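Encoded as structure tokens, the structure appears first; notes follow it.
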Amino acid sequence: MTFTVTRRRAAAAALTAALLVPLAACSSNDDTDKGTSGSTASGSASAAPEADLTVLAAASLTDVFKTAGAAYEKSHPGTKLTFSFAGSQELVAQVQQGSPADVLVTADTKSMDKVKAETSTPAIIAKNRLVIATGKGNPFKVDELKDLADTKLKVVLAAPEVPAGKYSKKILDAQKITVKPVSQEPNVRAVLSKVELGEADAGLVYKTDAESAEDEVDAVEIPDAQNAVASYPAATLKDSKNAGAAAAFVAWLSSPEGQKILQDAGFQKP
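Every position in the sequence shown, counted from 1, becomes a number in the working numbering once 975 is added.
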């Protein structure tokens, strides 16, 4: 009797175990699918890897990149952008000296070409043009480029090695206009600052710079035929420890969202 009961209990246990095996397998497969699906969803929600990125950017990008950076961080949780703004020639020197960074954006292609061995293939993300910045209300009635030759005017320009300085020299030389600046500044924002503070009567800056300070300065347009087009190339640095995240940010600058921010700030389409 005892033997028969024992055999029945053993058979029942075996049957229960047999029924539980496929259920466990099914449960295991469901969990695996959920895990894979969750991982994929997470990846698609944030295409760029999480990272702390250092971006070396031309001084004329100061305002717009602060806006762009905030928008990028919001749409890419876990990514933090730190910007270092300076004249393009200074940024190139930093790269050549091995300063740690992930992305470089200059205000001309020639500066970028100097470090082509240290960067990926650059992409032009925006363009710009020069204007004459004057004090608010244009008190000295500066109407065109040739007015800058007036020796009574205190004119400031970017230094010749700075992209804005190169563009300024190019357009002044083309019109055979001789300007004797009271100072030559290390970047275009320093030129703008001199005019804003009343330390200069006029200066050549990018259109976007003048627009960023429209409460303090006036902008005198320069005809396209007398102007120069500034191109802004962006590239990742080959020594970046965050290559994937850096490439994602550079690509985003050319995306509809990135382009809208740049163009809303007055930059032209690349």
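Even for Gly, the Cβ is constructed at its ideal location relative to N, Cα and C. Since the model is a prediction, treat every value here as computed from it, not as a measurement.
Is residue i near residue j, with beta carbons less than 8 Å apart?
i, j, result
"S1063", "T1081", "yes"
"L1028", "T1054", "yes"
"V1039", "F1224", "no"
"V1166", "E1160", "yes"
"S1035", "V1163", "yes"
"A1098", "S1230", "no"
"A1240", "Y1142", "no"
"L1105", "Y1181", "yes"
Closer than 6 Å by C-beta to residue i: which residues in its own chain qualify, once you throw out the five before and the five after it? Chain order, please.
i, result
"T1109", "V1117, A1177, D1193"
"T1042", "I1236"
"E1136", "Q1064"
"A1222", "T1211"
"V1090", "V1067, V1070"
"T1084", "S1206, P1208"
"P1075", "none"
Can you tell me the Cβ-Cβ gap for residue i and residue j, rounded? I've got them flagged as a contact below 8 Å.
i, j, result
"A1175", "V1157", "6 Å"
"N1113", "V1195", "7 Å"
Between which two residues does the beta strand (DSSP E) containing residue i stretch?
i, result
"F1058", "1055–1061"
"I1107", "1098–1110"
"V1204", "1204–1211"
"A1177", "1177–1181"
"V1225", "No beta strand (DSSP E) holds V1225; the alpha helix (DSSP H) holding it covers 1218–1228."
"E1160", "1158–1160"
"V1078", "1078–1080"
"L1132", "1130–1133"
Which residues in the same chain as residue i place their Cβ atom closer than 8 Å to its Cβ, once the five residues preceding and following it in sequence are excluded?
i, result
"N1217", "P1024, A1026, D1027, L1028, D1077"
"G1073", "D1214"
"K1169", "V1131, S1158, E1160, A1175, G1178"
"L1120", "I1107, I1146, L1147, Q1150, I1152, I1197, Q1201"
"K1129", "V1157, E1174, A1175, D1176, A1177"
For residue i, decide whether its Cβ has a neighbour in chain C, counting only Cβ atoms nearer than 8 Å.
i, result
"K1121", "Judged by its chain identifiers, the structure shown contains no chain C, having just a single protein chain."
Who are residue i's beta bridge partners in DSSP?
i, result
"E1196", "V1106"
"L1028", "L1056"
"A1033", "A1061"
"Q1243", "K1102"
"T1094", "L1212"
For residue i, which residues in the same chain have their Cβ closer than 7 Å to its Cβ, ignoring the five residues on either side in sequence?
i, result
"S1017", "Model confidence at S1017 stands at a pLDDT of 34, short of 50, so the residue's coordinates are unreliable and nothing is read from them."
"K1144", "P1135"
"A1101", "Y1207, L1237, F1242, Q1243, P1245"
"A1188", "L1167, E1171"
"W1227", "Y1047, G1233"
"S1086", "S1063, Q1064, V1067, P1138"
"K1111", "E1191, V1192, D1193"
Could you check where the alpha helix (DSSP H) with residue i kicks off and where it finishes?
i, result
"P1231", "1231–1239"
"L1167", "1163–1171"
"F1040", "1037–1050"
"K1141", "1138–1149"
"K1085", "1084–1088"
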